[in-house]
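Encoded as structure tokens, the structure appears first; notes follow it.
There are 2 protein chains.
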Amino acid sequence: MKLTCSKDLLLHYINIVNKAVSSRTTLPILECILLHAETDRFTMTANNLELGIQTAPIDATIIQTGEIAIEAKIFHEIIRRLNGETVTLETGENNAITITGGTSRFTIMGQAGDDFPSLPQVAQEEAYTLGQNELRNLIRQTIFSISQESTKQILTGELFEMKEHCMHVVSIDGYRISFRKSPLEHEFAPKSVVVPGKTLTELMKILSQEEEDKVQLYFTEKHVLFDLGIATMVSRLLEGDYVSYENNFTEDYKTKLIIHTAELIQALERASLVSRDNRKTPVRLELRPNVLVITARSDMGTAYEEVPNETDGDEMQIAFNPRYLIEALRAIEDEKVAIRFTGSLSPCTIVPLEGNAYQYLILPLRM
Amino acid sequence: MKLTCSKDLLLHYINIVNKAVSSRTTLPILECILLHAETDRFTMTANNLELGIQTAPIDATIIQTGEIAIEAKIFHEIIRRLNGETVTLETGENNAITITGGTSRFTIMGQAGDDFPSLPQVAQEEAYTLGQNELRNLIRQTIFSISQESTKQILTGELFEMKEHCMHVVSIDGYRISFRKSPLEHEFAPKSVVVPGKTLTELMKILSQEEEDKVQLYFTEKHVLFDLGIATMVSRLLEGDYVSYENNFTEDYKTKLIIHTAELIQALERASLVSRDNRKTPVRLELRPNVLVITARSDMGTAYEEVPNETDGDEMQIAFNPRYLIEALRAIEDEKVAIRFTGSLSPCTIVPLEGNAYQYLILPLRM
Numbered sequence: 031m032k033l034t035c036s037k038d039l040l041l042h043y044i045n046i047v048n049k050a051v052s053s054r055t056t057l058p059i060l061e062c063i064l065l066h067a068e069t070d071r072f073t074m075t076a077n078n079l080e081l082g083i084q085t086a087p088i089d090a091t092i093i094q095t096g097e098i099a100i101e102a103k104i105f106h107e108i109i110r111r112l113n114g115e116t117v118t119l120e121t122g123e124n125n126a127i128t129i130t131g132g133t134s135r136f137t138i139m140g141q142a143g144d145d146f147p148s149l150p151q152v153a154q155e156e157a158y159t160l161g162q163n164e165l166r167n168l169i170r171q172t173i174f175s176i177s178q179e180s181t182k183q184i185l186t187g188e189l190f191e192m193k194e195h196c197m198h199v200v201s202i203d204g205y206r207i208s209f210r211k212s213p214l215e216h217e218f219a220p221k222s223v224v225v226p227g228k229t230l231t232e233l234m235k236i237l238s239q240e241e242e243d244k245v246q247l248y249f250t251e252k253h254v255l256f257d258l259g260i261a262t263m264v265s266r267l268l269e270g271d272y273v274s275y276e277n278n279f280t281e282d283y284k285t286k287l288i289i290h291t292a293e294l295i296q297a298l299e300r301a302s303l304v305s306r307d308n309r310k311t312p313v314r315l316e317l318r319p320n321v322l323v324i325t326a327r328s329d330m331g332t333a334y335e336e337v338p339n340e341t342d343g344d345e346m347q348i349a350f351n352p353r354y355l356i357e358a359l360r361a362i363e364d365e366k367v368a369i370r371f372t373g374s375l376s377p378c379t380i381v382p383l384e385g386n387a388y389q390y391l392i393l394p395l396r397m
Numbered sequence: 031m032k033l034t035c036s037k038d039l040l041l042h043y044i045n046i047v048n049k050a051v052s053s054r055t056t057l058p059i060l061e062c063i064l065l066h067a068e069t070d071r072f073t074m075t076a077n078n079l080e081l082g083i084q085t086a087p088i089d090a091t092i093i094q095t096g097e098i099a100i101e102a103k104i105f106h107e108i109i110r111r112l113n114g115e116t117v118t119l120e121t122g123e124n125n126a127i128t129i130t131g132g133t134s135r136f137t138i139m140g141q142a143g144d145d146f147p148s149l150p151q152v153a154q155e156e157a158y159t160l161g162q163n164e165l166r167n168l169i170r171q172t173i174f175s176i177s178q179e180s181t182k183q184i185l186t187g188e189l190f191e192m193k194e195h196c197m198h199v200v201s202i203d204g205y206r207i208s209f210r211k212s213p214l215e216h217e218f219a220p221k222s223v224v225v226p227g228k229t230l231t232e233l234m235k236i237l238s239q240e241e242e243d244k245v246q247l248y249f250t251e252k253h254v255l256f257d258l259g260i261a262t263m264v265s266r267l268l269e270g271d272y273v274s275y276e277n278n279f280t281e282d283y284k285t286k287l288i289i290h291t292a293e294l295i296q297a298l299e300r301a302s303l304v305s306r307d308n309r310k311t312p313v314r315l316e317l318r319p320n321v322l323v324i325t326a327r328s329d330m331g332t333a334y335e336e337v338p339n340e341t342d343g344d345e346m347q348i349a350f351n352p353r354y355l356i357e358a359l360r361a362i363e364d365e366k367v368a369i370r371f372t373g374s375l376s377p378c379t380i381v382p383l384e385g386n387a388y389q390y391l392i393l394p395l396r397m
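For the protein sequence lines, the chains are A and B, in the order given.
For what it's worth, the working numbering labels the leading residue of the first sequence as 31, then goes sequentially.
For what it's worth, the working numbering labels the leading residue of the second sequence as 31, then goes sequentially.
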């Protein structure tokens, strides 16, 4: 293989495929990026066996076809630090690759391209199309409440449900439910899959924030493929039935607050300060007429906060893990939210003032 | 104690005294800040027994005198996050302190002010005056080569030598010597002391970057006091004789390069990339007519770099730990530097093109 291409362009694509490079593994080939040059097509691929990314063809002058796998970390560092505008990549004997650019020349020991694991083939039949930024938001606003416990394997992913012209994204960790939905461009037959959290975390990092950029999603029985234009990402799906969640959301409530999102976050963060153990000390909410009083108590001392709001309904006292409230509120971009309470031992639900684009349900703690 | 003061002002002073708060200690009082209010004077003090900082009097409305020690971490977090402009601090029973501001009220368990260790008394007789920014530079440009080995206690500090109208600052770790000097406002009797590296690291963080701000240094047999105006810092000195270093610097050389500082740093950083072990793989320098060739080799591969320069003298080959060269070069603000070599087994010396404000000496590695 021998080719020349723009250093900045190469670096841009390395940053994309890097998201699927294994960092600690017993299989050194998974720490590599596969460089593959055909007569008119140069691509890079990374694959950690859970998740793979392949670039679109990269603009390059291909002098000789071939392929080689090179350790991602040093390849990235070398390209990043080169002082020229173009870079030449040339394979040599014993899987060596020589990288030349600016005033530098590196020869790095690579591995045979043959040893690099192939990406799963995903049939691209029915495409669900979304804005890349919208998909990024759907993930960002729900990913924080996936389960961290590997014993609940299915809950370490997020449920993607396509139904009624919408894509629903749901995460549940046993203490709370995060729900977001977004309209699709067409109506489809109902379908639901569970995508691993790790895949979504890496996907978020490469999704564009430009309004017009689109992403196509393709699902097969075992895999999902995200086509971002500049690259495709393929991931396995989690197998098994997701938890049924819809009956947990109700329209009933005894008390409803309409409250300033940022003010509530800040008051909860301050009240959490008296907790030594990373915000695990409960905060107590007292719903009084038009004021929410937040208190917390530990061996360090006590905190008392007042947050003005519009209260509708009964007075009530209820306790929460403050982190759960803060994470849900931080995911919300609206200046104000509505919070519905049905009782001291029942979950609260955070919803928008208008519409139904999101719902966050959080279980209380016993006082 | 009861007083009211500006939240922002209080936060500013907490950030200063925080530099002398112990982070991990078996003596919880050392994790505290002492608040002390007399009728017309409110100050804060932190003291980790090696190093203490006391603020200048802080503008406050003092309602009741008294003192209390409060854990620095939570005090800082609470004041930082309060949403009001002023804050009221009031002590209660059992060493409690109530902090009120904006929509918040905290009561935190503190400790008796009596238990807080006093700062050493340092007689302020002869003052050495420097610009704060200049002292910051003197430290920043030498601190990286203090010894990290506690077996060489005296070398974990920096030598401050006052002589010939100048302050000299020196650090030596056994492999290299960093030397900087700066003119003093007056001539003094010769004096030399060794200040602990930890003290200087913390001092750097609170020294002003404004050109006109001055710092006075006072030395006694066992202590140094830095008077910054907004606060005074007191530190013990290291005891013992510092290593004699002056004979290591010579004016003789066989080869001299005049080279672009940033280009050399970047070439050394790139060549270090083939080292897996944090830049411990030696780099080899080949001094050829008007070009410096840098090479490195490890089991990962090889690196080859060319850096143009003005060479004067013999061709030579010499090897270095690249980190030592990079750290010295990064400390230098000049666009170009001179590097003097006397032989493959002799140290090189990095000096300015004009004047003698700094000298960096680095031992080579055997090839």
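By construction, the Cβ of each residue, glycine as well, lies at the ideal position given by its N, Cα and C atoms.
No experiment lies behind these values; they were computed from the predicted model shown.
Straight-line gap, G270/A to T332/B (C-alpha atoms, nearest Å): Using only the alpha carbons, I get a separation of about 49 Å.
When E293/A, R306/A, M397/A, T137/A are compared against I356/A, the one with the closest alpha-carbon: Comparing Cα positions, the closest option is E293/A.
Residue range of the unbroken beta strand (DSSP E) whose run includes R111/B: Unbroken run through R111/B is the alpha helix (DSSP H), 102 to 111; no beta strand (DSSP E).
DSSP bridge partner residues for N77/B (one or two, in chain order): G82/B
Residue environment, P220/B, which counts as buried when at least 16 other CB atoms sit within 10 Å: exposed
S134/A: contacting residues in chain B (beta-carbon distance under 9 Å): A297, R300, A301, A333, Y334, E335, E336
Own chain residues within Cβ distance below 8 Å of P20/A, not counting five before or after: A question about residue 20/A goes unanswered here, because the residues of chain A that appear run from 31 up to 397.
Contacts of T137/B in chain A (Cβ-Cβ under 7 Å): G331, T332
Exposure label - T91/A; buried when at least 16 CB within 10 Å: exposed
Assigned exposure category for S53/A - 16 Cβ within 10 Å defines buried: exposed
Proximal residues of chain A, C-beta to C-beta of R111/B below 9 Å: Q296, E299, R300, L303
As assigned by DSSP and simplified to three states, the class of R353/B: Helix, per DSSP.
Segments assigned beta strand (DSSP E), at least 3 residues, entirely inside the region 227 to 251 of chain A: Those beta strand (DSSP E) runs which fall completely within the region 227 to 251 of chain A and span 3+ residues are 244 to 249.
Assigned secondary structure, T159/B (DSSP; H/G/I helix, E/B strand, else coil): Here T159/B sits in strand by DSSP.
DSSP beta-bridge partners of A368/A: I288/A, V381/A
Contacting positions in the region 90 to 119 of chain B - beta carbon closer than 9 Å to chain A: E101, I104, E107, I108, R111, L112, N113
Residues of its chain near E164/A, where Cβ-Cβ distance is below 6 Å and the 5 sequence neighbours each way are ignored: Correct list, in chain order: S212.
Separation of R360/B from N78/B, as counted between CA atoms: 31 Å
The region 362 to 381 of chain A / the region 67 to 83 of chain B touching (three or more Cβ pairs under 8 Å): no
Endpoints, alpha helix (DSSP H) assigned at D38/B: 37 to 47
C-beta contact flag for I46/B and T85/B at 8 Å: yes
Segment contact flag, the region 179 to 188 of chain A with the region 279 to 290 of chain A, C-beta cutoff 8 Å, min 3 pairs: no
Between the CA atoms of H106/B and Y43/B - distance to the nearest angstrom: 10 Å
Beta strand (DSSP E) segment containing F256/A, residue limits: 253 to 257
Neighbourhood of L298/B by C-beta, 7 Å cutoff - its chain only, sequence neighbours within 5 removed: V313, I324, P352, L355, I356
K310/A, DSSP secondary structure in three states: Reduced to three states, the DSSP call for K310/A is coil.
Pairwise C-alpha distance: L57/A and F146/B: 56 Å
T95/B and E68/B closer than 8 Å at C-beta: Their beta carbons are under 8 Å apart, which means T95/B touches E68/B by this criterion.
8 Å Cβ cutoff met for L168/A and V199/A: Yes. Within cutoff.
Simplified DSSP assignment, three categories, for V304/A: helix
Between the CA atoms of T130/B and L39/B - distance to the nearest angstrom: 15 Å
Contact check, K366/A vs L391/A, beta carbons under 8 Å: no
Proximity to T250/B [Cα-Cα], best of V321/B, R170/B, V273/B, V223/B: V223/B
Beta-carbon proximity list for R370/B, same chain, < 6 Å, skipping 5 on both sides: Y283, K286, T379
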